[in-house]
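Under the UniProt record's numbering, the first residue of the sequence shown is numbered 1, with each subsequent residue one higher.
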Amino acid sequence: MQFNQAENYEGSSDLVDLEYHMGPVLASPINLYIIWYGHWKPTQQATIRDFLYSISSSASYPSVADWWKTIRLYTDQTGSNITGNLVLSGELYDFKYSHGGHLSRLDIQSIIKTAVTSYPRPLPLNPHNGLYLVLTSYDVQVQDFCRAVCGFHYFTFPTIVGVTVPYAWVGYSGTQCPGMCAYPFAWPKDSGKPPPSRNGGHDIMGSPNGDPGVDGMISVIAHELTEVTSNPPVNAWYAGDDPTAPTEIADLCLGVYGSGGGGGYVGKVYKDSWGHGFNVNGVKGRRFLLQWVWNPLKRRCFGPNALD
1 MQFNQAENYE GSSDLVDLEY HMGPVLASPI NLYIIWYGHW KPTQQATIRD
51 FLYSISSSAS YPSVADWWKT IRLYTDQTGS NITGNLVLSG ELYDFKYSHG
101 GHLSRLDIQS IIKTAVTSYP RPLPLNPHNG LYLVLTSYDV QVQDFCRAVC
151 GFHYFTFPTI VGVTVPYAWV GYSGTQCPGM CAYPFAWPKD SGKPPPSRNG
201 GHDIMGSPNG DPGVDGMISV IAHELTEVTS NPPVNAWYAG DDPTAPTEIA
251 DLCLGVYGSG GGGGYVGKVY KDSWGHGFNV NGVKGRRFLL QWVWNPLKRR
301 CFGPNALD
């Protein structure tokens, strides 16, 4: 996920050259494995888990599962749609920081290797329908984190992990760069504009689960999951001519969370009685604010909270 506020296409479909490059999408039910790297609070883990459960569970409209229906519109060359079945199948706690507190992009693959070979309870190494999600805690520095990205996805190299499996990494942004990666629950320091105000005070949107870092992270996790499922080996759905820097289905809608969004405005979203912003409902009464995704039929950014 590149961070660039300028790129925004809500309603400008002629500019978008999203194409299918004949590669596979994740059409089979997904077994998702989480690697919690570093120190995590149980409350943070519970919020993230509930979001992941919400993808395949029903909740009141508009739900996370309704939001995922846009992603399900994407197919491979056989006409198979992206799956709506995502199961949290295993978790591993790497609380000893097995690869230290400063990580390169490639180190993320080594963390996965450690997780699938750890004693006595390794994560399964599942090359058929496994998807690995590495989440790094507040004190872990990752190459390009905060400078250029909030998360990324790729596939593992057999030379490191033994097989090729899709994976994603997302960092906890609550301390290192909330204004970039926990937007809109925090404001970019170098945006050149003051945060939106009401009555003369700064009016930063409250986060729906009370932790701006986790709530911002969940939108990034959602962003990466849409892209790793629609472009797993980076040869399926993307725009642009450069497969090494593809503009993917969530990149096209960066910063858009509701109708009219774009250019620093999140769009029309719901507010609870405390003024916390959200646009979808999840399991256990949870609420989340998820970035919209490019809808290939409507040819615009879309989410279930759209006004039209």
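Cβ coordinates follow ideal geometry from the N, Cα and C atoms, glycine included.
Leucine 18 - DSSP class collapsed to helix/strand/coil: For leucine 18, the secondary structure class from DSSP, reduced to helix, strand or coil, is coil.
Proximity to tryptophan 169 [Cα-Cα], best of Gly267, Gln77, Val220, Tyr119: Minimum Cα distance to tryptophan 169 is reached at Val220.
Residue-chain proximity (histidine 21, chain C), Cβ-Cβ < 8 Å: Note that chain C does not occur in the displayed structure, where there is just one protein chain.
Residue interval of the beta strand (DSSP E) (run including residue 310): The structure shown does not extend to residue 310, since the chain spans only 1 to 308, so no value can be given for it.
CB of alanine 182 within 8 Å of CB of proline 212, strictly: Their beta carbons are under 8 Å apart, which means alanine 182 touches proline 212 by this criterion.
Runs of beta strand (DSSP E) wholly within the stretch 20-100 (minimum 3 residues, chain order): If only complete runs of 3 or more residues are kept, the stretch 20-100 shows the beta strand (DSSP E) at 30-37, 86-94, in order along the chain.
Serine 230 burial status per 10 Å Cβ neighbour count (16 or more: buried): Classified as buried, serine 230 has 16 or more neighbouring CB atoms from the shown chains inside 10 Å of its CB.
For histidine 102, the residue or residues it bridges with in DSSP: DSSP, once it has assigned bridges, lists Gln141 as partnering histidine 102.
Status (buried if at least 16 other CB within 10 Å, exposed otherwise) for histidine 223: In this structure histidine 223 is buried. Its beta-carbon is surrounded by 16 or more other beta-carbon atoms within 10 angstroms.
Contact check, asparagine 281 vs serine 60, beta carbons under 8 Å: Contact annotation: asparagine 281 and serine 60 have beta-carbon atoms nearer than 8 Å.
Leucine 133 - containing beta strand (DSSP E), residue span: Looking at the DSSP string, the run of the beta strand (DSSP E) that includes leucine 133 is 130-136.
Bridge partners - valine 171, DSSP secondary structure assignment: With the sequence shown as reference, residue 171 is identified as glycine, and valine is not the correct amino acid for it. DSSP output for glycine 171 lists Thr136 as bridge partner(s).
Contact check, glycine 90 vs leucine 123, beta carbons under 8 Å: Their beta carbons are under 8 Å apart, which means glycine 90 touches leucine 123 by this criterion.
Segment limits, beta strand (DSSP E) that includes valine 293: Valine 293 -> beta strand (DSSP E) spans 293-295.
Collapsed DSSP secondary structure at proline 212 in the structure displayed: Of the three classes helix, strand and coil, the one that applies to proline 212 here is helix, per DSSP.
Distance CB(isoleucine 30)-CB(leucine 131) smaller than 8 Å: The answer is yes: Cβ separation under 8 Å.
Local conformation of proline 127 per DSSP, three classes: Looking at proline 127 - three-state DSSP - the assignment turns out to be coil, as it is neither helix nor strand.
Cβ neighbours of serine 137 in the same chain (closer than 8 Å, five flanking residues each side left out): The beta carbon of serine 137 sits closer than 8 Å to those of Trp36, Tyr37, Gly38, His39, Trp40, Tyr172, all from its chain and outside the five residues before and after it, given in chain order.
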